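For reference, the structure is listed below as structure tokens.
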């Protein structure tokens, strides 16, 4: 049940109709039931995973808070919680990858390994809700959060359908009070929800799905079929595809939650206007980068134990961030690449103050932004390629066979036509430094912008929609 | 960056005005589309002409031949050449071709049902012309909605469009012509704005097809490949039987050799439906096709003349009664 499908909107209409007539406690029950229906729609067997994760973390944290729980007992309960969550994740997401790699290594060493290859279906969004529940257990253990008393409330925190399958990864201290307390509807909630939903649909259906056709064609081309210019433009197209896809989903999640009376965090803040890798990670998949910072980078020591340790911590964090995306060497390489550019920029910053201080005038900002965008694109090449060999061949193709073909002209025209207006809007938002700047202009201007979104959605949605990229993570 | 904390947030009333403007914009586009769709879309103009052409064919006194098919028939069949050739062979027929590029069995069934499945309009003979008669999922939902404005939608939704989202799309296409014809509007806008639009799209399409074929071949299961379903063809034949209309299947020529599914031949044999195999016509060479698949105008002339001869021999002459394989 995708947010951009008719079936979802039929489902949501029924849910919100019942939900809006119910009292607070019943609202939570309705949302929980709706969330389980939503998740079970993919495969009802996945529900057992969400339920198991919920029960284990609820029980562990309740026992941690029980009177007389010793430090050792609390620690062992945390270990149980983390190990069980990582076991789910490891089995469903990484088992076949590591089994295959191990078999390869053993075979290279001359051993015949008959490791089982299981037909494992990856439950959608498992990485998102696993990280969300793990952060809760860690917060309770560290005393940063009080364990929740009502099981139903906690179950809703884990399974809240707008953000269940692709985030944002919400923190307990932010989302749980909203679940526990009666909803407060403020003036403008409907408008804000509508804005996020419409913008999200536009990003997903118009931007991401149209860019996907360009990307998929070039990445599917055989040797010699695409020129270097085609390849470069396909990587640009993928940069906007993945941005439209994921930020579109997050935006819709935010809008749906707003209509239900919840505030979700902004997961994206114009990432392609970033001027450095650290700036980029404060704008891209913010909930994951904040999670990695708080639960991995800082516990590893962060930047407190000297330069070398900082670089090691950055690299480890980004490598695990890469692996979080999927069991593939391309994701590991992408993580390593992100770690490397973070380290390089850090070294440069140390050499000439901070990048933010250096990048003050607008020409410098433009240059820094263009450089950062291209560095990000190299990362996207690793991320999108079927394997590292393909990524290398494409890089070589761009460097050695840069010819502008008929397809290049078409791809460039398509990128400008579809992405250009979005970038203009985002630049305007960026300049206003207000994520909902469009809600603060005259209603006629908003009507013009919405008319454009709807016109594009009506006429320029590709016949076949692509599934959300981040569902597989 | 600030978010939703400001008090300067729009009221519900303001937002309803915004939505009203968006609705007016869509209504305007819809009205405009209804006025100009025949002019902007050759395909819509073709579909709009079906009712009148069906009437014209029905009013003819001579045997009425209806040709239905996809782009192979659209480019390859010339009704004027066909009837002239038949006349030269001593017979008189009225013929019209109702063809739509990229159409398949589902659309042919509803086309026949919408325009010919009644006592006043039924033709004497229908030729279904294509290279493939397998059941495919209905893809051209907007076109199907345009084609079936006169038909019973509830039956169509139940039988041809099993998916909820496709049903919603179909109903939206039935209600809004701008939505039904959005691909044509999209194409005309993009081809006007984007350089090399057609060439780029063709290259893109070829790459994606190449990739999907590679996947299909790598996952190929010969047993499954042989078990093609022809339920929509049988439904067409049942409807034709119901109205006493003879049907023949015509395998259209292409520049390369292609096999005909054994199971199709068996099923047609069992129903005594003639198969007119025009895959290899002596006078048609690879040069007769402009793209390896579709006949050029010269090729179409050759094929139509040849096809007329086959029709006379197989169906109009007493010497060689149908069916022959």
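Protein chains in written order, with the working numbering: chain A, 1 to 473; chain B, 474 to 798. Beta carbons: idealized from backbone N, C-alpha and C, even for Gly. Note that the structure is a prediction, hence the values are computed from the model and not measured.
- By the rule that beta-carbons nearer than 8 angstroms mark a contact, residue 641 of chain B touches chain A.
- Annotated three-state conformation of residue 711 of chain B is helix, per DSSP.
- Under the 8 angstroms Cβ criterion, the region 548-555 of chain B does not count as touching the region 660-678 of chain B, having fewer than three qualifying pairs.
- When C-alpha distances from residue 759 of chain B are compared across B:743, B:729, B:777, the shortest belongs to B:729.
- The beta carbon of residue 610 of chain B sits no closer than 8 angstroms to any beta carbon of chain A.
- For residue 737 of chain B, DSSP assigns no beta-bridge partner whatsoever.
- In chain order, 405, 406, 407, 408, 409, 410, 413 make up the part of chain A whose C-beta sits under 9 angstroms from the C-beta of residue 669 of chain B.
- If you look at residue 122 of chain A, you'll find it isn't in any beta strand (DSSP E); DSSP assigns it neither H nor E.
- Counting only runs of 3 or more residues that sit fully inside the region 358-404 of chain A, no beta strand (DSSP E) segment turns up.
- Counting along the chain, residue 599 of chain B sits inside the beta strand (DSSP E) bounded by residues 598-603.
- Close to residue 451 of chain A, with beta-carbon spacing below 8 angstroms, are these residues of chain B in chain order: 494, 495, 498.
- Contact residues of the region 587-620 of chain B toward chain A are 612 (C-beta to C-beta distance below 8 angstroms).
- Contact annotation: in the region 16-38 of chain A, no residue has its CB less than 8 angstroms from a CB in chain B.
- Assignment of residue 215 of chain A by DSSP, reduced to helix, strand and coil, places it in the helix class.
- The residue from A:75, A:150, A:188 with its alpha-carbon nearest to that of residue 177 of chain A is A:150.
- At a Cβ-Cβ threshold of 8 angstroms, residue 139 of chain A and residue 172 of chain A count as neighbours.
- Inside the region 249-336 of chain A, DSSP marks no whole beta strand (DSSP E) run of 3 or more residues.
- Residues 4, 457, 461 of the same chain have their beta carbon placed closer than 6 angstroms to that of residue 205 of chain A, with the five preceding and five following residues left out of the count.
- Using a Cβ-Cβ cut-off of 8 angstroms, residue 313 of chain A does not count as an interface residue toward chain B, since no Cβ of chain B sits closer than that to its own.
- Residue 673 of chain B is positioned such that its CB atom lies no closer than 8 angstroms to that of residue 646 of chain B.
- The beta-carbon of residue 455 of chain A is placed less than 8 angstroms from the nearest beta-carbon of chain B.
- Burial check for residue 60 of chain A: the Cβ neighbour count within 10 Å reaches 16 or more, so the residue is buried.
- Take the alpha-carbon of residue 207 of chain A and the one of residue 181 of chain A: they are about 37 angstroms apart.
- In terms of Cβ geometry, residue 494 of chain B and residue 447 of chain A form a close pair [threshold 8 angstroms].
- About 19 angstroms separates the CB atoms of residue 525 of chain B and residue 650 of chain B; that is not less than 8 angstroms, and the two are not in contact.
- For residue 570 of chain B, the three-state secondary structure derived from DSSP is strand.
- Taking a Cβ-Cβ threshold of 7 angstroms, the residues of chain B close to residue 7 of chain A are 637, 638, in chain order.
- Sequence-distant partners of residue 153 of chain A (beyond 5 residues in either direction) whose C-beta falls short of 8 angstroms from its own C-beta, in its chain, are 28, 176, 179, 180.
- Sixteen is the threshold: since fewer than 16 other Cβ atoms of the shown chains lie within 10 Å of the Cβ of residue 364 of chain A, the residue is exposed.
- Burial is judged here by how many other beta carbons sit within 10 angstroms of a residue's own beta carbon; residue 705 of chain B has at least 16 and is buried.
- In the DSSP assignment, residue 721 of chain B forms a beta bridge with B:600.
- Where residue 82 of chain A is concerned, the enclosing alpha helix (DSSP H) starts and stops at 71-89.
- Here residue 718 of chain B is buried: its Cβ has 16 or more other Cβ atoms, across all protein chains shown, within 10 Å.
- Going by beta carbons, residue 498 of chain B and residue 202 of chain A fall outside the 8 angstroms limit.
- The beta carbon of residue 281 of chain A sits closer than 6 angstroms to the beta carbons of 289 from its chain, once the five residues preceding and following it are set aside; these are given in chain order.
- In this structure, residue 761 of chain B places its C-beta atom within 8 angstroms of the C-beta atom of residue 772 of chain B.
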